[in-house]
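Trainee:
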Amino acid sequence: MTSPTRAVCPHCAWPDDAEPFQVVSRHGTGDGRTVWTRCACGSLQVRVADGGGTRIVSRSRPAVAGAG
Ligand SMILES: [Zn+2]
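If you read the sequence shown in the working numbering, its first letter stands for residue 148, the second for the next number, and so on.
Below you can see the structure in the form of structure tokens.
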């Protein structure tokens, strides 16, 4: 399944399918691989890589406090 629009980080517009800004840790799972990454804006993201590719299943707010 492909998404018609390119997913990007809502905080800094870093493309989800681009190279992660920083890889925090990697974990192997039964279904594939889970990779924790930190975005350029400081948002912690959980990426799951399986046979269908890589997708972001969880995304925290940026670590830096901002307005809002
Ligand atoms: Zn970001």
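Where a beta carbon is used, it is the ideal one built from N, C-alpha and C, also for glycine.
Beta carbon of R202, beta carbon of S190: below 9 angstroms?
Mentor: Result no, Cβ atoms of R202 and S190 do not sit closer than 9 angstroms.
Trainee: Taking contact to mean 3 or more Cβ pairs, one atom from each stretch, closer than 8 angstroms, check whether the region 149 to 163 and the region 181 to 196 are in contact.
Mentor: Yes, since at least three Cβ pairs between the region 149 to 163 and the region 181 to 196 fall closer than 8 angstroms, the two stretches touch.
Trainee: Answer yes or no: do V182 and A196 have a C-beta to C-beta separation smaller than 9 angstroms?
Mentor: Closer than 9 angstroms, so yes.
Trainee: Please go through the region 154 to 186 and give each complete alpha helix (DSSP H) segment of 4 or more residues, from N-terminal end onward.
Mentor: Counting only runs of 4 or more, we get nothing.
Trainee: Give the straight-line distance between the Cα atoms of H174 and R180, rounded to the nearest whole angstrom.
Mentor: Going by the C-alpha atoms only, they are around 6 angstroms apart.
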